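Q:
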Amino acid sequence: MKIIIIGAQAAGASAAAKAKRMNPEATIRIYEKSDIVSFGACGLPYFIGNHFTDADEMISRTPEQFQKMILK
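This is the structure in structure tokens:
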């Protein structure tokens with residue numbers, strides 16, 4: 235089975251992970267226009283409110299970590 239996912243933010247990343255768990259043999263291709271994946275936009279109010287200052291804390295996985303997880 236081949237699966238194409240548009241967008242590698244929170245929903246796209248979750249969909250890819252779930253698809254791989256449901257069908258380990260699936261080939262999954264994810265298209266993302268930015269170089270950031272698994273971005274947790276729900277953390278924006280905390281970032282804006284200065285609860286933390288490093289925006290990278292809102293990224294749950296780097297592209298390399300995400301690719302390794304999907305390729306297992």
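Sequence positions in the sequence shown follow our numbering and run 235 to 306. A virtual CB, placed ideally from N, CA and C, is assigned to each residue, including glycine. Please read all numbers here as calculations on a predicted model, not as lab measurements.
1. Could you work out which residue in I270, S272, I293, V271 is closest to F281 when comparing CA atoms only?
2. What's the C-alpha gap between V271 and A260?
3. By the three-class DSSP mapping on this structure, what secondary structure does K267 have?
4. In the DSSP assignment, find the unbroken alpha helix (DSSP H) run with I237 in it and report its ends.
5. Can the beta-carbon of G274 be found less than 9 Å from the beta-carbon of A244?
A: Per the coordinate set shown:
1. In the sequence shown, residue 281 corresponds to position 47, counting from 1. Comparing Cα-Cα distances from F281 to each of I270, S272, I293, V271, the minimum goes to I293.
2. Within the sequence shown, the letter at position 37 stands for residue 271. Within the sequence shown, the letter at position 26 stands for residue 260. Near 20 Å, if we compare the C-alpha coordinates of A260 and V271.
3. Residue 267 sits at position 33 when you count from the first residue of the sequence shown. Note: K267 maps to coil in three-state DSSP.
4. Residue 237 sits at position 3 when you count from the first residue of the sequence shown. Secondary structure note for I237: it is in no alpha helix (DSSP H), and the uninterrupted beta strand (DSSP E) holding it is 236-240.
5. Numbered from 1 along the sequence shown, position 40 holds the residue referred to as residue 274. Numbered from 1 along the sequence shown, position 10 holds the residue referred to as residue 244. In contact: G274 and A244 (Cβ atoms closer than 9 Å).
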